[in-house]
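What follows is one structure encoded as structure tokens, with my remarks underneath.
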Amino acid sequence: MSQVQETDHQEYLELSAFKGKFDITDFVGLASEKLIAESKADNGPFDPKPFIRSFEAAVDKLISVRKDVQAKREQMEKTVRVTEREYSKKMVELAKGFEIVGNSFNGMESRMNEVSSTAVRIGDQLETVHIERQRAQAAYDLIDFYNQFSRGDTTRLDALRKEGRAGRRQVAVVLRRLNTVAKEVDLPNSDKTREAIEKYCEKFEKEMLNLFDRCYRKGDPKMMHHCAQTLLEFNGGASCIQVYVNQHDFFINNVREEPAPLDSLLWNTIPDPNISPPKTEIGLTALFAEIRATVDTETQIVKAVFPNPPVVMQVFLQRVFAQSIQQHMEQLLHKGSEISDLAYLRILQLVHFQASALVEDLKTHELPHTSSRTPYEATEFRRSLTGSAPVTTSSTSAAISTMLETAMEELFVPYTEGQRYMERECKSLATLYGNLLSNFVRFHKTQKAKSSMFDRMVNQISAATTTTTSSGGPTTSGQAAAALMRFGVINPDRNNDKSNEEPIREEDGVLSVDVAEKVLKWHAEAIGRCVELSPPNDVQNTSTLLRVLADAIGTSYVDSALESAQVRLEAADSKSEPSLQPLAIVRVVDLICHLWQQYVNIALLPLASSSVTTRREMVVFNNQTVNRMETGSNVLLQRITDAIINWLSAQLTKQKRNDFKPRNDDLSFARVNTEPCVLCCETLERVRDAAKQNLSGKNLEVFLTEIGVGFHSLLLDHLRKFPVSATGGLMLAKDLKSYQDTVSSFGIPALHERFEFIRQLGNVFLVRPEILKSYITENYLGRIDSSLLKPYLSLRSDWGQFEKGFDSEANTDEAIPGHGLKDRFGRLSVMMKELEGLKVDGISMGIPSSFSGTFSRSFGNSNPT
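The opening position of the sequence shown corresponds to residue 1 in the UniProt record's numbering, with each subsequent residue numbered one higher.
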């Protein structure tokens, strides 16, 4: 039994079983697996002895295995130590070997560096010697050729010239050098030799040019390239480039004997400022399309033919701008100038716009510069370009772009340099504005003349002159008229002169926002043209055009209308109701100022941002212009206010003495209001409606406040003039209620308390005598000194019954020097001003005249930044 167990233990107690991952649970399971199975099969009690024997045997075996493993490990450690010592010895030996090899390589590298530097020096010396040898050989050949020319012998050059392409290129170099030497040599017969060399050079150049021309006509780009390269080395190739450009089909075909087709639509609409400026012209569009197509093709040909394509393209494009484009441009501008200044300027802008687009398209054809292969050839190439060649080249890669920008600038310099363009722009705008506003200005000049007192006198004397002439007898007026005619005051032919002018209509003098918009639209077109045609940093032109606009829309338009309206108001008949039509003028001025400010802030001031000084000047000038229009509007509003208050005062004078002391008849009680009340209320309603229709914001509020305060002062004065009976108090109360209701419709809170006070003051004629004293101490009347109310109370028909109750107060006031009835009324007005808190001067004794600073508030920002 024990042998079987030992045999079983050998399977999992071998050293190989412990290699890899070892699990103690699996190990114990394997050691007791069979014993557990046998124990379960035996039905008797559990016997631990087999398990104990099995584990004892396993432990013994494990101890034996451990001893073996320990012995093997010790043996291996010894082996490893021996091996490490041997490895260290070998590494030391290898390190010494590598060090020796490294030192050898360092020595070899230093020796190689010395050899290479020596080789470089030798190479430089050889190259120098080679170049010197070439120069010496070239000098020898040059002297030999010079001697041959001095003897008149060109056999060697002729033979060299017939050797083909290489021979011709060598002849070109020799001739170029001979030509240079001949100019410096001063020997006997040197002049004769120089002439011979020059003649031979001319002959050679003509021969190469003829060959280039024949190849050009045949379409042989290789031979053309050879000729161009040869002439480049001969004299820079300028003559070859000129031949190529001059004989180009583009310039030959563009020399037209017949005029270009006429663009009828453009020339018919271009002088009309209300039509947008044209962007294209048939002939110009066709020319630029042909230029684009030609340059596209020419770029490929030039790169294949010429060794210096950028130079050739520059010459070609310079010829395009200086000849083709300029000629067509001059024709267009000449035709435009014959039509009008606006047509000329629009054509100038059209050409500039189209030419700018053309330049941007042509910049895409930028060509790279070529270089020779060897240093010697490169030196010769540079000498050929910088020595005798008249054509200049640019070392940058954007030579054509730079040339195009220069050509574009030179194309427009004759038309934009100095003040030429700006003078024409200002002249054009002045002409357009003058034509647009001619009838308007003439109408208002006529209105001012009609309102002038001097003109009235002259007209009367003129009429007297006519009467005297028809009757045949001289009069004093006729003599005065003759005197005025002698001094030139009266022109007898003036009527004949005016008959040739168009008749003036009333609508010609109406201020219109549409006209202002048209003026700004024309100016915006001029500004856009100015931005395009002026230099980028030139902002002074914008300031100049702003002054032209201000003169037109400010002085000639708005100021003329305001001055004419003021003159008409001053000359109007005071006995007739004042016209409220000037309020419509104020409304239009308000809208025009809004447009003006928006246009200046959005369109003009940003253009001057690059110059702080110019921008500040424009802001100051703009504020002055707007302030002048605001001041004119304020003065006009004041004139309207004065006229309305005077008219209301005239209506109040129609009040009859006994209107408030009626007879006790049915007719008196049938009246709702007195005639002056009806007239004043109707006037106030018309003023209210006209003001709300034409004014807004603070302008409306201040204007209606001025009217209400002035009318309030008139009523305070008016109520002191008429006695009032008990029944007449009812009539007065009706009138005052109508006044209050009408003024309340103004919608001005500042006037409510004033006319409520007037209404309560009118009620003192209805209150019974016994409660009169308590009534005047309440409400609004209670805020006023009772002695100030005495002038009104004295108008009661029953005043004598309770006059003694007010005597003490009246005596106190009369004891003060200068405190008469008028002074009391003034004190009452002051009390009313304090009551309301409204800062308006002259409430009772006069009409306020302080509109300054009011009208401008509705215009928004008067100080643009």
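C-beta: ideal position from N, C-alpha, C; glycine also.
Candidates the options, of which the one nearest residue i by Cα
i: H444; options: A565, K72, L142; result: A565
i: M208; options: R161, T542, Q624, S190; result: R161
i: T230; options: R194, L266, V173; result: V173
i: E701; options: V315, C681, V743, A524; result: V743
i: L714; options: K78, Y739, R615, E753; result: Y739
i: R292; options: A526, Q242, T544, F321; result: F321
i: V413; options: N435, H225, T431, E330; result: E330
i: T544; options: E617, R587, L511, D508; result: E617
i: S610; options: G102, E86, T542; result: T542
i: P278; options: T83, A608, M223, L348; result: L348
i: R424; options: L404, R346, T402; result: R346
i: Y421; options: S337, E33, P503; result: S337
i: L580; options: K721, L284, V548, A691; result: A691
i: L35; options: D47, A524, A228; result: D47
i: L583; options: K40, L265, L704; result: L704
i: D361; options: K78, V295, H752, V548; result: V295
i: L772; options: E507, R796, H752, I758; result: R796
Cβ distance (whole Å) where residue i is taken to contact residue j below 8 angstroms
i: I592; j: A516; result: 5 angstroms
i: L429; j: I400; result: 39 angstroms between Cβ atoms; not a contact.
i: I776; j: V764; result: 6 angstroms
i: I585; j: L562; result: 7 angstroms
Start and end residues, alpha helix (DSSP H) containing residue i
i: H752; result: 749-762
i: P45; result: That residue, P45, is in no alpha helix (DSSP H); it is neither H nor E in DSSP.
i: P503; result: First-last for P503: undefined, no H or E at that position.
i: E281; result: Here E281 belongs to no alpha helix (DSSP H), and DSSP marks it neither H nor E.
i: A172; result: 165-184
i: Y557; result: Counting along the chain, Y557 falls outside any alpha helix (DSSP H), and DSSP gives it neither H nor E.
i: G729; result: 726-744
i: L157; result: 155-161
i: A196; result: 190-218
i: V531; result: 513-533
i: Y792; result: 790-793
i: V626; result: 612-652
i: V243; result: 238-246
i: V359; result: 341-362
Exposed unless 16 or more other CB atoms sit within 10 angstroms - verdict on residue i
i: R194; result: buried
i: Q638; result: buried
i: K790; result: buried
i: T379; result: In this prediction, T379 has a pLDDT of 46, which is less than 50 and means its spatial position is unreliable; what the coordinates show is noted afterwards. Flag for T379 reads exposed.
i: V687; result: buried
i: E410; result: exposed
i: P848; result: For P848, the predicted model reports a pLDDT of 36, less than 50, meaning its position is unreliable; a value from the coordinates is still stated below. The residue is buried, with at least 16 neighbouring Cβ atoms inside 10 Å.
i: P45; result: exposed
i: K19; result: exposed
i: M112; result: exposed
i: V92; result: exposed
i: T476; result: Any reading at T476 is ruled out, since the residue's pLDDT is 42, under 50, leaving its predicted position unreliable.
i: A343; result: buried
i: V724; result: buried
i: S324; result: buried
i: G708; result: buried
i: D559; result: buried
i: I270; result: buried
i: L126; result: exposed
i: residue 874; result: The structure shown does not extend to residue 874, since the chain is modelled only from 1 through 865, so no value can be given for it.
i: R754; result: buried
i: Y792; result: buried
i: residue 881; result: Any answer about residue 881 is impossible in this case: the structure gives the chain only from 1 up to 865.
i: E14; result: exposed
i: R768; result: exposed
i: T299; result: buried
i: H365; result: buried
Test: residue i CB closer than 8 angstroms to a CB of chain B
i: K40; result: Within the model displayed, chain B is absent; a lone protein chain is all it includes.
Three or more beta-carbon pairs under 8 angstroms between the stretch 538-545 and the stretch 632-647, yes or no?
The stretch 538-545 makes no contact with the stretch 632-647; the number of CB pairs closer than 8 angstroms stays below 3.
Would you call the stretch 517-527 and the stretch 592-603 in contact, with 3 or more CB pairs under 8 angstroms?
In short, these stretches touch, since the Cβ pair count reaches three.
Is it true that the stretch 651-663 meets the stretch 721-737, where meeting means three or more beta-carbon pairs spaced less than 8 angstroms apart?
The stretch 721-737 and the stretch 651-663 touch, with three or more beta-carbon pairs separated by less than 8 angstroms.
Would you check if there are 3 or more beta carbon pairs closer than 8 angstroms linking the stretch 173-185 to the stretch 125-145?
Yes, they touch.
Any 3 or more C-beta pairs closer than 8 angstroms across the stretch 229-245 and the stretch 303-315:
When Cβ pairs closer than 8 angstroms are counted between the two stretches, the stretch 229-245 is seen to touch the stretch 303-315, the count reaching three or more.
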